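A short write-up of the structure that comes next.
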Amino acid sequence: MNLKKKVLSVSLSSMMALGAVTAVALPAGAVGNGPSAGNGSVQTSILHTYESLVDYLKTQDAKQEAMELEVIGQTVKGRDIHMAKYISNPENPTVLFLTQQHGNEQLTTEGALEFIKHLGTGKTSGVLDNVNILVIPMLNADGAMGDVDFSLEDYHADGDRHLTRYNANYMDLNREHDKETSEMEPEARALHENVFAKYDIDYMIDLHHQGTLSETEGELVSGSILYPTNENVKPDVLEGSKKLGAVVYNALENKGWGHIGKYRGGTGENIGRNGAAVRYDISTLLFEMRGMSDHYIESYALGQKSNGYLIRQTITTLDATVRAIADDSIETMDTSFWDTLPYQTNRQGEEADE
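Sequence positions in the sequence shown follow UniProt numbering and run 1 to 354.
What follows is the structure, given as structure tokens:
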């Protein structure tokens, strides 16, 4: 693997044991109020490329007996879309982690790759006996590589490529989920036909990034969460979603670098967290991490000095989720925190963008 293309590695086992990031040091103040676009270089060259991500996944697949790597479809430009699978018992509850519906939201992908590596260490063998895990670490590979049929000349990041929200056809994949599958963009169609309809999925966390200026209680958030908000979601699916949010909130809010708000999101079935909940009865959670990897709006992109805590936040989220599902503690989660969790607001008029 080309090390220049590989993101600085974060060791999950070290973080869990020592509460520290190994290869990426957390700078002072890198909590919700970490550096923003004008206070640290926005770089894409340290992120995985599509090619290095595929190499990484194939390496882990060869090393891990419990892992199976599946190609679920292709992007507009013909790139294979990969999913890492850990299915020990079809009767187990199943959770899906989805990253990069939007190609310029990549630090969640970096965290997901570290989590996949962690699953092969043997420290989670008991967990894998009791929960099935699906990880799609880069749904929108064309957008992530900037291989699109429109100009990205106004984007701000430095590096060997730009990353964009949209797929190659200038379509937002997170607005496709209410269509007939035959009418969807190729990436969304692959997700629906070969994942949602094929596997009996109980939970999904849809991992995204938002801008850098969202806050609650005067402090910039490290991320915001939201359950499905469409009126057609069944009560038990909604309750499961709120419990999933409780797992994530409890895992992060007491960390020194974590500050979680409630996201203001739409109610349409075209949005992933709503569409999956309505069409497939999946309990879903949207998690919007702070700061994007690239954007044409400068304040949306976050300087690389904050990469460490955002990757760490992703890994902690995934780890806490699978453990809570595996030991069934998710069923006892208190969801009353949602009643008092403040909605985020946005400084300087910045708009949230799920």
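Even for Gly, the Cβ is constructed at its ideal location relative to N, Cα and C. All values reported here derive from a predicted model rather than from experimental measurement.
With a CB to CB cut of under 8 Å and the five nearest residues on each side skipped, what residues in its chain are close to Gly-78? Against the sequence shown, residue 78 aligns to sequence position 78. Result list for Gly-78: empty, nothing under 8 Å.
Given a cut-off of 8 Å on the beta-carbon distance, is the pair His-162 and Met-292 in contact? For the purposes of this step, residue 162 is taken as the residue at position 162 of the sequence shown. For the purposes of this step, residue 292 is taken as the residue at position 292 of the sequence shown. Using a Cβ distance threshold of 8 Å, His-162 and Met-292 do not count as a contacting pair.
Could you compute how far the alpha carbon of Val-76 sits from the alpha carbon of Val-54? As a working note, residue 76 is residue 76 in the sequence shown. As a working note, residue 54 is residue 54 in the sequence shown. Going by the C-alpha atoms only, they are around 17 Å apart.
For a minimum of 3 consecutive residues, which ranges assigned as the beta strand (DSSP E) are wholly contained in the segment 207 to 272? 214 to 216, 223 to 226, 260 to 262
Name the DSSP bridge partner or partners of Phe-97? What you label residue 97 is simply residue 97 of the sequence shown in a count that begins at 1. Note: Phe-97 sits in a beta bridge opposite Val-135, Ile-205.
Please report the straight-line C-alpha distance between Val-71 and Val-247, rounded to a whole angstrom. Start at 1 with the first residue of the sequence shown, and residue 71 comes out as number 71. Start at 1 with the first residue of the sequence shown, and residue 247 comes out as number 247. Taking the Cα positions, Val-71 is about 30 Å away from Val-247.
Spatial neighbours of Lys-234 in its chain, beta-carbon cut-off 7 Å, leaving aside the 5 residues before and after: Counted from its first residue, the sequence shown places residue 234 at position 234. For Lys-234, where only same-chain residues beyond five positions count, the Cβ hits under 7 Å are Asp-281.
For a quick check, are the C-beta atoms of Ile-201 and Leu-286 less than 8 Å apart? Counting from one through the sequence shown, the residue named residue 201 turns up at place 201. Counting from one through the sequence shown, the residue named residue 286 turns up at place 286. No, the pair does not count as a contact, with Cβ atoms beyond the cut-off.
Using a Cβ-Cβ cutoff of less than 7 Å, which residues in the same chain neighbour Lys-4 once the five nearest sequence positions on both sides are dropped? Taking the first residue of the sequence shown as position 1, residue 4 is located at position 4. Confidence in Lys-4 is poor, its pLDDT being 32 and thus under 50, which makes the residue's placement too unreliable to answer from.
From Thr-316 to Tyr-309, what does the alpha carbon distance come to, in whole angstroms? Residue numbering aside, residue 316 sits at position 316 when the sequence shown is read from its first letter. Residue numbering aside, residue 309 sits at position 309 when the sequence shown is read from its first letter. Straight-line Cα distance between these residues: approximately 10 Å.
Nearest-angstrom Cα separation, counted from Leu-69 out to Glu-185: Taking the first residue of the sequence shown as position 1, residue 185 is located at position 185. Taking the first residue of the sequence shown as position 1, residue 69 is located at position 69. Looking at the two C-alpha atoms, the distance is approximately 23 Å.
With a 10 Å radius around its C-beta and 16 neighbouring C-beta atoms as the bar for buried, classify Asp-149 as buried or exposed. As a working mapping, residue 149 is identified with position 149 in the sequence shown. Exposed.
Write down every uninterrupted run of the beta strand (DSSP E) in the segment 44 to 101 whose length is 3 residues or greater and which is fully enclosed by it, in chain order. 68 to 74, 80 to 86, 94 to 99
Measure the beta-carbon distance from Phe-97 to Ile-205 and round it to whole angstroms, keeping in mind my assumption that it falls under 8 Å. By one-based count along the sequence shown, residue 97 stands at place 97. By one-based count along the sequence shown, residue 205 stands at place 205. Indeed they touch by this definition, with Cβ atoms about 5 Å apart.
Check whether the segment 182 to 199 and the segment 235 to 242 are in contact - that is, three or more C-beta pairs closer than 8 Å. no
For a quick check, are the C-beta atoms of Glu-354 and Gly-266 less than 8 Å apart? As a position in the sequence shown, residue 354 is number 354, starting the count at 1. As a position in the sequence shown, residue 266 is number 266, starting the count at 1. Contact flag set, yes.
In the DSSP assignment, what are the bridge partners of Leu-286? Stepping through the sequence shown from its first residue, residue 286 is reached at position 286. Looking at the DSSP assignment, Leu-286 forms a beta bridge with Asp-206, Leu-226.
Asp-147 burial status per 10 Å Cβ neighbour count (16 or more: buried): Along the sequence shown, read from residue 1 onward, the residue named residue 147 stands at position 147. So Asp-147 ends up on the buried side.
If you scan the segment 276 to 343 from start to end, which runs of the alpha helix (DSSP H) of 4 or more residues do you find wholly inside it? For the segment 276 to 343, the full-length alpha helix (DSSP H) segments reaching 4 residues or more read 307 to 326 along the chain.
Given a threshold of 16 other Cβ atoms within 10 Å of its Cβ, counted over all protein chains shown, does Gly-268 qualify as buried or as exposed? As a first step, residue 268 is located in the sequence shown; it is residue number 268 there, counting from the start. The residue in question, Gly-268, is exposed, as its Cβ has fewer than 16 Cβ neighbours within 10 Å.
Cut-off 7 Å between Cβ atoms - residues of its own chain near Asp-172, not counting five sequence neighbours on either side: Working through the sequence shown from its first residue, we reach residue 172 at position 172. Cβ within range, chain order: Arg-165, Tyr-166.
DSSP three-state assignment for Asp-158, whether helix, strand or coil: As a first step, residue 158 must be located in the sequence shown, where it is residue number 158. Asp-158: strand per DSSP, three-state reduction.
Host alpha helix (DSSP H) of Leu-163 (start-end): Here residue 163 corresponds to residue number 163 of the sequence shown, with the count starting at 1. Segment: none, Leu-163 is in no alpha helix (DSSP H) and carries neither H nor E.
Can you give the beta carbon distance from Gln-344 to Arg-290, rounded, assuming they're within the 8 Å contact cut? Counting from one through the sequence shown, the residue named residue 344 turns up at place 344. Counting from one through the sequence shown, the residue named residue 290 turns up at place 290. With 8 Å as the limit, Gln-344 and Arg-290 do not qualify as a contact, their Cβ atoms being about 10 Å apart.
Rounded to whole angstroms, what is the Cα-Cα separation between Leu-8 and Gln-106? Here residue 8 is taken as the residue at index 8 of the sequence shown, counted from 1. Here residue 106 is taken as the residue at index 106 of the sequence shown, counted from 1. Because the pLDDT at Leu-8 is just 37, under 50, the model does not fix this residue reliably, and the point stays unresolved.
Tell me which residue opens and which closes the alpha helix (DSSP H) that Lys-117 is part of. Counting from 1 along the sequence shown, the entry for residue 117 is found at position 117. Run containing Lys-117: 107 to 119, per the alpha helix (DSSP H) assignment.
With distance defined between alpha-carbon atoms, name the residue in Val-127, Asn-232, Ile-271 nearest to Asp-327. For the purposes of this step, residue 327 is taken as residue 327 along the sequence shown, with counting starting at 1. Checking every option, the nearest Cα to that of Asp-327 belongs to Val-127.
State the DSSP-derived secondary structure class of Thr-124, mapped to helix, strand or coil. Within the sequence shown, numbered from 1, the residue matching residue 124 stands at position 124. Thr-124 falls in the coil class under three-state DSSP.
Same chain only: Cβ atoms within 8 Å of Pro-342, ignoring 5 sequence neighbours per side: As a working mapping, residue 342 is identified with position 342 in the sequence shown. Once the five neighbours on either side are set aside, the close Cβ partners of Pro-342 are Thr-216, Glu-217, Gly-261, Lys-262.
Would you kindly work out how many angstroms separate the C-alpha atoms of Val-135 and Lys-63, rounded to a whole number? Indexing the sequence shown from 1 puts residue 135 at position 135. Indexing the sequence shown from 1 puts residue 63 at position 63. Per the coordinates, the alpha-carbon of Val-135 lies some 17 Å from the alpha-carbon of Lys-63.
From the DSSP secondary-structure annotation, give me the bridge partner or partners of Asn-346. Counting from 1 along the sequence shown, the entry for residue 346 is found at position 346. For Asn-346, which the question treats as bridged, DSSP gives the partners Ser-214.
Taking the alpha-carbon positions, what's the Arg-347 to Ala-190 distance? Position 347 of the sequence shown, counted from the first residue, corresponds to residue 347. Position 190 of the sequence shown, counted from the first residue, corresponds to residue 190. So the alpha carbons of these two residues sit roughly 37 Å apart.
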